[in-house]
Each structure stands twice: as structure tokens, then as C-alpha cells.
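K.L.:
Numbering (the numbering used here), first residue to last: 177 to 353. One structure, pasted below without further comment.
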Amino acid sequence: MEYTRRTLLKTSVAAAVAALTTTGCATTAPETKSKGEVSQAPGLGDLLENATDLILDAYPESTSSAGIDKGKYARHKFALTDRSAQGQARIEANVRAMLVSLNAVDASSLTADEALNLDVVRTVFDMSAKGFDLAYGDVALLNSNWSWRNSPYAVAQNTGAFVEIPSFLDASHTIAS
177 MEYTRRTLLK
187 TSVAAAVAAL
197 TTTGCATTAP
207 ETKSKGEVSQ
217 APGLGDLLEN
227 ATDLILDAYP
237 ESTSSAGIDK
247 GKYARHKFAL
257 TDRSAQGQAR
267 IEANVRAMLV
277 SLNAVDASSL
287 TADEALNLDV
297 VRTVFDMSAK
307 GFDLAYGDVA
317 LLNSNWSWRN
327 SPYAVAQNTG
337 AFVEIPSFLD
347 ASHTIAS
């Protein structure tokens, strides 16, 4: 198999989204917990699953790119990110609300794996909130299709919907007959 940047990006994105989805769906911490150690955060799995759903609802293209646009996420196959001012304001409000929820978790009661999972997800939402603090440009930090980046420009030679949507449709969005 020939490895290209596209192959690397696609497999990395799929692995990242799958890991976040798997982590979000877990009701207990991963197997690396010490024997007999019990999770002190029964709602953490639900919170991380809600974070995953928020990301995939805001950026539905990510489900196709990760190959999970079936079953629970099938509705995302027919949607694109709402790039209108109202849509972006809704995403921002959801990001900030999720960050408040993530920051409210007492990490001292978590196992090491749970604390790490929480910290990773909290950092992603914190960086996204900081991106929305910039009053212009394109905030796409939660979107795996757009290189996990914020851009000070909504349209530039290498960023923006005019470049990214056709690329996504060509590379990731399959149509089965």
C-alpha cells in the first residue's frame, strides 16, 4: 500500500473519531484501571458521549470521513456544517456549554485513564471556545475534515468551504446505489 498525506490524514481522522466515539460510549474506564479500582464518575461516559455527539452534530461531514455515517449517525450523511451566522452562533453556544460541563467534573475522583480522557476532550473544547473568541474567520477546530484548525480567514487559497466541500465530496462522501 502506498502511503500519501491523504491516506495518513484519513486513517488518523478515522482513528481519532473512533477513539473519541468509543471513549464517549464507555460506561466504565478502559481496562487499564487497577484491579478493584472503581470509577468515581458514573456520568463521565455520558458526558463524553454527549461531547462526541455535539462534535458530530455540528460537523456532520466528520461521520462520513470516519466511516461512521450509518446507524445512529446516518442522518449526518445528508447534512453539511451550518456555516450561517446563526449556525455558527449555535455551535459556539454548544461548545461553551459543553466546556462548562467538562470543567465541572472533579478530576480528583477519576482514574488515571478517565482523567486523561476528560483532559483531552476538555482541551479540544477549550481551544474551540478560544477560536470563537476571535470575532472573524473560520472556527473549525472540532472538524476533522478541515485539519482541526481555526483560520483568521473564512476564505483563503487553502481554507474555506469553496476548497473544503468539493475535496470532502470527492474524497470521503460515498454514494451507494
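The C-beta atom is built at its ideal place from N, Cα and C for all residues, glycine as well.
Taking a contact to mean a Cβ-Cβ separation below 8 Å, would you say residue 334 touches residue 238 in this structure?
P.N.:
For residue 334 and residue 238, no; Cβs fall outside 8 Å.
K.L.:
For residue 216, does the three-state DSSP call read helix, strand or coil?
P.N.:
Because residue 216 sits at a pLDDT of 49, beneath the cut-off of 50, its placement in the model cannot be relied upon, and the following sentence gives the value as read from the coordinates. Reduced to three states, the DSSP call for residue 216 is coil.
K.L.:
At which residues does the alpha helix (DSSP H) containing residue 258 begin and terminate?
P.N.:
Looking at the DSSP string, residue 258 is not in any alpha helix (DSSP H), and its letter there is neither H nor E.
K.L.:
Quick check: what's the CA-CA separation for residue 329 versus residue 265?
P.N.:
Straight-line Cα distance between these residues: approximately 17 Å.
K.L.:
Going by the CB atoms, is the gap between residue 275 and residue 301 shorter than 8 Å?
P.N.:
Going by beta carbons, residue 301 and residue 275 fall inside the 8 Å limit.
K.L.:
DSSP three-state call for residue 314: helix, strand or coil?
P.N.:
strand
K.L.:
Using a threshold of 8 Å, state whether the C-beta atoms of residue 327 and residue 346 are closer than that.
P.N.:
no
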